[in-house]
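Accompanying notes for the structure given below.
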Amino acid sequence: MVRGAPAHAGPDDCLARNEWICGEYLTTRRDILLDAVGQHLQLTALSVLIGLALAVPLAVLARRWGWAAGPVLALTTILYTIPSLAMFSLLLPVYGLSAALVVAGLVLYSLTLLVRNILAGLRAVPEETRQAARGMGYGPIRLLLTVELPLALPAAMAGLRIATVSAVSLATVGAIVGYGGLGNLIYSGMNTFFKAQVLTASVLCVVIAVVADLLLLGVQWLITPWTRAARA
76 MVRGAPAHAG PDDCLARNEW ICGEYLTTRR DILLDAVGQH LQLTALSVLI
126 GLALAVPLAV LARRWGWAAG PVLALTTILY TIPSLAMFSL LLPVYGLSAA
176 LVVAGLVLYS LTLLVRNILA GLRAVPEETR QAARGMGYGP IRLLLTVELP
226 LALPAAMAGL RIATVSAVSL ATVGAIVGYG GLGNLIYSGM NTFFKAQVLT
276 ASVLCVVIAV VADLLLLGVQ WLITPWTRAA RA
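Each residue of the sequence shown is one higher than the last, beginning at 76 in this note's numbering.
See the structure below:
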């Protein structure tokens with residue numbers, strides 16, 4: 076009998092047969108799946124939000140001070156090239172075996188995508204637009220908040236969508252420290268060759284990534300009406 080299958084499973088039960096697609100698994104493991112999905116969403120959302128909070132000022136500084144763009148982009152790119160297992164190992168002495176370890180790793184990975192896209196959006200703002208705003212009395216802060224950042228939104232949102240989908244995927248690696256959301260189920264299911272658990276958790280990861288991307292695409296559509304007008 077498959078490890079993790081209920082003791083009362085009969086010979087005709089899909090759990091007993093260890094099938095990949097098993098409705099019985101969904102009904103008997105509902106609470107476990109909901110807990111894993113909840114943890115996965117928390118890890119993803121928290122890491123992306125923190126990454127965004129760090130990426131915006133980094134991109135703004137890189138735009139304001141041209142000399143800083145190279146080092147900022149180089150550093151974030153180097154961070155992205157570090158394998159996930161190595162990244163978590165490097166952060167282990169600081170955060171220990173905790174959810175904070177996974178969040179910190181995901182934040183560092185997200186910086187590359189977010190900083191690069193936000194900076195590209197800021198650089199794409201026409202200089203004549205900036206000059207016109209300054210001529211109307213806009214100071215640096217007002218110019219940034221009401222002109223530059225709004226016009227940089229399409230590129231920034233593209234980076235945010237990619238960073239979010241990447242975080243959904245990379246969060247599964249957190250299973251090595253016990254905080255991987257659905258990755259915990261995938262990891263334990265692979266160790267015990269529990270087919271229904273591996274497939275269900277994997278499909279849920281894909282669903283979360285697709286839904287998150289579509290939601291962010293909808294948000295982008297709502298907050299950038301001028302792009303729709305330009306296409307029309």
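Just so it is clear, CB atoms sit at the ideal spot from N, CA and C, and this is done for glycine as well.
Scanning the region 199 to 228 for uninterrupted alpha helix (DSSP H) segments of 4 residues or longer gives 202 to 210 and 215 to 218, listed from N- to C-terminal end.
Secondary structure note for Arg92: it is in no alpha helix (DSSP H), with a DSSP letter that is neither H nor E. Put simply, the backbone Cα of Val273 is about 57 Å away from that of Arg209. In the DSSP assignment, Pro168 falls within the unbroken alpha helix (DSSP H) covering Ser159 to Tyr170. For Asp106, the three-state secondary structure derived from DSSP is helix.
The continuous stretches of alpha helix (DSSP H) do not include Thr299, and DSSP gives it neither H nor E. Annotation: the continuous alpha helix (DSSP H) that includes Ala149 extends over Gly141 to Thr156. Collapsing the DSSP output to three states places Tyr254 in coil. The beta carbon of Ala174 lies closer than 6 Å to those of Tyr254 in the same chain, with the five residues before and after it left out. Here the region 224 to 240 lies against the region 275 to 289, with 3 or more beta-carbon pairs under 8 Å apart.
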